[in-house]
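Heads up: the structure comes next, in structure tokens.
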Amino acid sequence: MLLEGTHVLTLMLFAGTILFVDLRLLGAAFRNVPVSRVADQVLPWTVGGFAVLLVTGSLLFFSNPLEYWHNFAFRLKLLFLVAAAVNIFWFHYRVQASRPAWDQEPVPPPAVRASGATSIALWFVVIFAGRYMAYDWTKCMNPGAIVGAVAQCEVYDSALADIDGEIAQ
Amino acid sequence: MSVNFHDALPALQVPLDHLAQAEMIKGLNQTTWLFAIIETAHLLSMVILGGAVLVLNLKLLGAILRDVPATTVEAATRPWFKIGIVGTIATGIYMGVATIVTLLPSGAFFVKMIALVAAILFSVAVSRQVRASDVAEKQSPLALAFAAGALWLVGLVLFAATTALSPGSLIVAFAGFALFAATLAKYRGAYLAGLGAVIVIAALLALEYAAQGSALPGLVAVALGLGVAGTAGWLEARKANEPLLGGLQVAALSSSLAWITVAAAGRWIGFS
Chain W
1 MLLEGTHVLT LMLFAGTILF VDLRLLGAAF RNVPVSRVAD QVLPWTVGGF AVLLVTGSLL
61 FFSNPLEYWH NFAFRLKLLF LVAAAVNIFW FHYRVQASRP AWDQEPVPPP AVRASGATSI
121 ALWFVVIFAG RYMAYDWTKC MNPGAIVGAV AQCEVYDSAL ADIDGEIAQ
Chain C
1 MSVNFHDALP ALQVPLDHLA QAEMIKGLNQ TTWLFAIIET AHLLSMVILG GAVLVLNLKL
61 LGAILRDVPA TTVEAATRPW FKIGIVGTIA TGIYMGVATI VTLLPSGAFF VKMIALVAAI
121 LFSVAVSRQV RASDVAEKQS PLALAFAAGA LWLVGLVLFA ATTALSPGSL IVAFAGFALF
181 AATLAKYRGA YLAGLGAVIV IAALLALEYA AQGSALPGLV AVALGLGVAG TAGWLEARKA
241 NEPLLGGLQV AALSSSLAWI TVAAAGRWIG FS
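Chains W and C, in that order, give the protein sequences.
For the first sequence, position 14 matches number 14 in the working numbering, and the numbering has no gaps at all.
For the second sequence, position 152 matches number 152 in the working numbering, and the numbering has no gaps at all.
Structure follows, in structure tokens:
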């Protein structure tokens, strides 16, 4: 409970702070404050929040790896986490390279705004996928065709049967 | 001990039971996809609200945007705070109505409602104080802040004193210790290292005692955390030769923690 509670509450710190950096990139908040000032001072708290999420999330995963690994929403979450990471690298190495040119702009250029919007969308999907992991329809319990295929529920059933067999011995 | 709306306001039970039996309410509760969408919107609103609250309060604590005026940060976060609070409450009402029968006997729901009122009052008080610094006539919202503080402390005591909920109050305590780092400068690194050590000690104690239902690990962790925070705060204030926290900083820290109490109690509704 403590781990899960910490994981969920740290989301407020992580997603809440990255949201305001992305809103600045979109020109929707802090328009008269340079992007560099918002990003450089707020992002360390985002990174701190992410570190706590990573630790608590990993501990939660290893508390029941079979269930989590064969959960449709968990796999979606991992996919979108990778996509969010790609967006961060894209922003850091490509978009941000020209930052001095638009740092003071109330509304940054389209490429910057696109990266901010993508970041917001991807992180929200990651959060929603995380929440949906608790719903039965994302688990290998009478799964639908798509859920069963994506979550590899046949492998799950077989692993569960093996475990039951070992316990019975 | 558990204080809840079922015991505190028994007159509510019968009319709300009737409400829960209404076809429309049953429909709300049983339409899984609709409930999932509303829950998603609730989470989204919480992130917006949490971001707006934390960005303003971390600024006031001196952790971020140090060279940006507080009034600028307050003005930038205010619209998002309003969007977050309207979204959270609107979706929360939907979810509350759909599951009202289970919420009334819930101690966590009672704590959440008290903390919610306190958190809103705190946020209003903090915003007013920041805006007051920008106008000629200063009106300090002291009464508002004290009312918020009193309500929040009641919620927190109930949270900690209710056996099934007390782990949730530990999260609030440690969130407070983590946010306290924002007020430190010279000793921040040492403080965070000390706090990390306290968490490791608490985890080891929990492995040893938690299975027996002992509250010892939590109590020791909070006592050690308070000790580490007190020492770091004393050293920092001595170095700077001025008080560590002014009234506005205390209100900002309390405001953040009141919102964290709302979120933690909300999570514990599901656990308890």
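In this text, a Cβ means the ideal position worked out from N, Cα and C, and glycines have one as well.
At a cut-off of 8 Å between beta carbons, Met95(C) makes no contact with chain W. Interface with chain W (8 Å Cβ-Cβ cutoff): Thr162(C) is excluded. A Cβ of chain C is located within less than 8 Å of the beta carbon of Asn32(W).
Relative to the Cα of Gly266(C), the nearest Cα in the group Leu12(C), Ser255(C), His42(C) and Leu142(C) belongs to His42(C).
The three-state secondary structure of Arg24(W), taken from DSSP, is helix. Straight through space, the alpha carbons of Ala11(C) and Ile38(C) are spaced by roughly 29 Å. A residue is called buried when at least 16 other Cβ atoms come within 10 angstroms of its Cβ; Ser58(W) does not meet this threshold and is exposed. For Met141(W), there are no neighbours in chain C by C-beta distance under 9 Å, as the nearest C-beta there is about 14 Å away.
In the structure shown, the three-state DSSP call for Ser166(C) is helix.
Taking 8 Å as the CB threshold, Leu53(W) stays off the interface with chain C. Using a Cβ distance threshold of 8 Å, Val73(C) and Val101(C) do not count as a contacting pair. Under the Cβ distance rule, Pro167(C) counts among the residues neighbouring chain W, one pair being separated by less than 8 Å.
Counted as a single uninterrupted DSSP element, the alpha helix (DSSP H) harbouring Leu58(C) occupies residues Thr32 to Leu60. Among the residues facing chain W, Thr72(C) is included, as its CB has a counterpart in that chain under 8 Å away. A Cβ-Cβ contact shorter than 8 Å links Arg131(W) with Thr40(C). Contact with chain C is found for Gly5(W), since one of that chain's Cβ atoms lies less than 8 Å from the residue's Cβ.
Residue environment for Thr162(C): buried (at least 16 other C-beta atoms within 10 angstroms of its C-beta). The beta carbon of Trp45(W) sits closer than 6 Å to the beta carbons of Thr17 from its chain, once the five residues preceding and following it are set aside; these are given in chain order. DSSP, reduced to helix, strand and coil, places Ser127(C) within a helical segment of the structure shown. Within the region 195-209 of chain C, no residue places its CB atom closer than 7 Å to a CB of chain W. Residue-level contact check: Phe271(C) touches chain W, since one or more beta carbons of chain W fall below 8 Å from its beta carbon.
When C-alpha distances from Arg188(C) are compared across Ala63(C), Ala52(C), Ile114(C) and Ala118(C), the shortest belongs to Ala63(C).
Nearest C-alpha to Leu2(W) among Ala251(C), Asn4(C), Val124(C) and Ala164(C): Ala164(C). The CB of Arg131(W) comes closer than 9 Å to the CB of Ala36, Glu39, Thr40 and Leu43 in chain C, given here in chain order.
Considering only Asp164(W), Thr138(W) and Asn87(W), the residue with the shortest C-alpha distance to Ala114(W) is Asn87(W). At least 8 Å separates the CB of Val222(C) from every CB of chain W.
For His70(W), the secondary structure class from DSSP, reduced to helix, strand or coil, is coil.
The alpha-carbon separation between Val14(C) and Asn29(C) amounts to approximately 19 Å. In this structure, Phe180(C) sits away from Ala148(C), with a CB-CB distance that is not shorter than 8 Å.
Each of Ile260(C), Gly247(C), Asn4(C) and Leu257(C) was checked against the Cα of Val130(C), and the nearest Cα belongs to Gly247(C). At a cut-off of 8 Å, the C-beta of Met46(C) has a neighbouring C-beta in chain W. Fully enclosed beta strand (DSSP E) runs of no fewer than 3 residues are not present anywhere in the region 40-122 of chain W. Identification of residues in the region 55-83 of chain W having a C-beta nearer than 7 Å to some C-beta of chain C yields an empty set. DSSP, read as helix, strand or coil, puts Cys153(W) in helix.
Residue-level contact by beta carbon holds for Gly50(C) and chain W, with a gap shorter than 8 Å. Within the same chain, and ignoring the five residues on either side of Leu26(W) in sequence, the residues whose Cβ sits closer than 7 Å to its Cβ are Arg113, Gly116 and Ala117.
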